[in-house]
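Worksheet: one structure, shown below.
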Amino acid sequence: MRGRIAGLKKSNILKSCAIINFILALFFILFSILYLRAYDLWFFIISFFLGVYIITKAFLFRSDSSCYLGSLLCFIAISGVLCIVFSIKYPSVLYLLSTAFSSLVVLLFFKQKFHLLLSFIFIYEALILYLFLAKNINLTIFLVLNSLILFIFFVICVIMIKKLKYRS
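Position 132 of the sequence shown, counted from 1, bears residue number 112 in this note's numbering, the numbering being contiguous throughout.
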């Protein structure tokens, strides 16, 4: 049967995953507030466990958009915790890299080549943003480099749209 895994309905597996993730999230939020005295972690804990739930949904029902959103939430949660624990100077660079990594996850599991392009763009943006924030390049060079990648991205999108229209 297509709607079952080892005799269990996929929707029942997803419901039990939701209950387990809710209990774990509640436990870790209370643990971080009461024991660690880290009052900023609650958002990242919720993001992580919500991401795990959505990734479970993605693999149960073969949904690439759920995989992207779930992995994005998980990577942002991990980045946020790393920023808080290690006092990282430029967290926005880490969040852009999280987006690139989630595109790579979708590429690995669903073989969509567009996500390879997206991940390269986000890695490039993270690199030039880091260079700008670290004051290695000035605003003019930053804007020129951003405009360049934006132009290349639009050209690639136009080419892809024309190919899709030509096929149909």
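Glycine included, each C-beta is placed from N, C-alpha and C at the ideal position.
Given the structure is predicted, the values throughout are model-derived calculations rather than measurements.
Less than 9 Å separating the beta-carbons of residue 97 and residue 68? The count along the sequence shown starts at 1 and reaches residue 97 at position 117. The count along the sequence shown starts at 1 and reaches residue 68 at position 88. In this structure, residue 68 does not lie closer than 9 Å to residue 97 by Cβ.
Checking 9 Å against the spacing of the C-beta atoms, do residue 83 and residue 48 come in under that value? For this step, residue 83 is matched to residue 103 along the sequence shown. For this step, residue 48 is matched to residue 68 along the sequence shown. Contact annotation: residue 83 and residue 48 have beta-carbon atoms nearer than 9 Å.
Select from 101, 147 and 118 the residue whose C-alpha is nearest the C-alpha of residue 128. Position 148 of the sequence shown, counted from the first residue, corresponds to residue 128. Relative to residue 128, the option among 101, 147 and 118 whose CA is nearest is 101.
Tell me whether residue -17 is buried or exposed, calling it buried when 16 or more other Cβ atoms sit within 10 Å of its Cβ. Start at 1 with the first residue of the sequence shown, and residue -17 comes out as number 3. Note on residue -17: under 16 other CB atoms within 10 angstroms of its CB, so exposed under the neighbour-count rule.
Between residue 66 and residue 30, what straight-line distance do the alpha-carbon atoms span, to the nearest angstrom? One-based indexing of the sequence shown puts residue 66 at position 86. One-based indexing of the sequence shown puts residue 30 at position 50. If you take the alpha carbons of residue 66 and residue 30, they lie about 24 Å apart.
Can residue 73 and residue 110 be called in contact, C-beta distance under 9 Å? The sequence position of residue 73 within the sequence shown is 93, counting from 1. The sequence position of residue 110 within the sequence shown is 130, counting from 1. Yes, the Cβ-Cβ distance between residue 73 and residue 110 is below 9 Å.
Per DSSP, what kind of secondary structure is residue -11 in: helix, strand or coil? Within the sequence shown, residue -11 is the residue found at index 9, counting from 1. Under the three-state reduction of DSSP output, residue -11 falls in the strand class.
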